[in-house]
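Protein chains in written order, with this note's numbering: chain A, 8 to 214; chain B, 8 to 214.
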């Protein structure tokens, strides 16, 4: 089971690395979470340089893909060669996007029939791409595609991926581990309540 | 204003990078947040390699220091040469520690009169170091020293540092920006309520 977190130059550390940290709470030998980048290294919006764990192209073969956000996403979607390197397919992959990552999903044509969440800055660009943005909502999933808005909403994307791939109990366990001491039950309930709310009647079995 | 986030091999991405992302929401020309490491590169508990933004020794001159956690913290505290590189002083610096970072603060002798928060795994080692651990509490601050327990409690440490150095409004703004869309007020209130609760009667002016 491979989950690729697409991470570009100018990336937002919260989006890519909260997802990575929570997803890695699943401790199974066949569970692999990777930062997937277009180059061997990427540098964040705040100057943190990290090494890619796999190539952007590897996401095509992943079981789940999370697209992180960043301050250069409009440059990403304007770069046809870069966009062509992302071969994503919701009929065989879980696809999640966070904040400006939603713009990438939109421009890849993967949000044609799905309303989406994003951050307030990205909202007009996603709307311009012809996608309905859900105001005041931080997470929405339909079938195999989910989007989230607001950096710390990355926890909900990660919980959704775990729930879909490993089950609700595994998602609860992961959220319980990372939640603040003394707030663990509240964090788990908030994440799983949202999961139930958005998934009810919308979930589709992975193939 | 320099805030150093001490980050060691085996680090927990959530602890160091949530703090970094939130602290960097303060947009002032003299505000600088750095990942401070004992080596030019460090690799996280989940195999993410990142470049140091400053040296461990630079934390001695920082206005605030946050000690992140990781899976090798017991090796850090057992390494006298490494421990000697951290010259921290709560009389002139804000000092925060997260999860196993609390063990480093304890072993540096900086929690002699301060009860502390940490994660459940680190708790017995912090107690063994002679420090009272506050069960079921994710954040505690007294004067210039604060500790937090549970990965996502790093948001409270970051908010505390901003509130102390730049004021409560700046902390509210930072939390508002990073919170999930639709949950922003709840996140801000939770962070600031805890801040008020722990700071009341405990705050000391920075020198």
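For each residue, glycine too, the CB sits at the ideal point set by N, CA and C. Keep in mind that this is a model prediction, so the values were computed, not measured.
Runs of the alpha helix (DSSP H) lying entirely within the segment 20 to 92 of chain A, each at least 4 residues long, are 20 to 30, 80 to 84, 87 to 91 in chain order.
In the three-state scheme derived from DSSP, where H, G and I count as helix and E and B as strand, residue 108 (chain A) is classed as helix. Contact note: residue 128 (chain A) does not reach chain B at a C-beta cutoff of 8 Å; the least C-beta distance is about 10 Å. In terms of CA proximity to residue 19 (chain A), B:26 leads the group B:18, B:16, B:26.
With contacts defined by Cβ atoms closer than 8 Å, residue 178 (chain B) and residue 199 (chain B) form a contacting pair.
By the criterion of a C-beta distance shorter than 7 Å, residue 38 (chain B) is surrounded in its chain by 8, once the five residues flanking it on both sides are discounted. Rounded to the nearest whole angstrom, the C-alpha separation of residue 93 (chain A) and residue 64 (chain A) is 6 Å.
Residue 96 (chain B) is classed as exposed because its beta carbon has fewer than 16 other beta carbons within 10 Å across all chains shown. In this structure, the alpha-carbon of residue 119 (chain B) lies about 13 Å from that of residue 150 (chain B).
Taking the C-beta atoms as reference points, residue 12 (chain A) is found nearer than 8 Å to residue 75 (chain A). Listed along chain A, the residues sitting closer than 7 Å to residue 158 (chain B) by beta-carbon distance are 28, 185. DSSP places residue 9 (chain A) in the uninterrupted beta strand (DSSP E) bounded by 9 to 13. Membership of residue 185 (chain A) in the alpha helix (DSSP H) is indicated by the continuous run 175 to 185. Residue 60 (chain A) has a beta carbon lying within less than 8 Å of a beta carbon in chain B. Looking at the backbone, the Cα of residue 137 (chain B) and that of residue 191 (chain B) are separated by about 39 Å.
In the DSSP assignment, residue 123 (chain B) is bridged to B:140. The beta carbons of residue 121 (chain A) and residue 84 (chain A) sit about 17 Å from each other, so the pair does not count as a contact at 8 Å. A check of alpha carbon separations from residue 158 (chain A) across B:162, B:156, B:157 identifies B:162 as the nearest.
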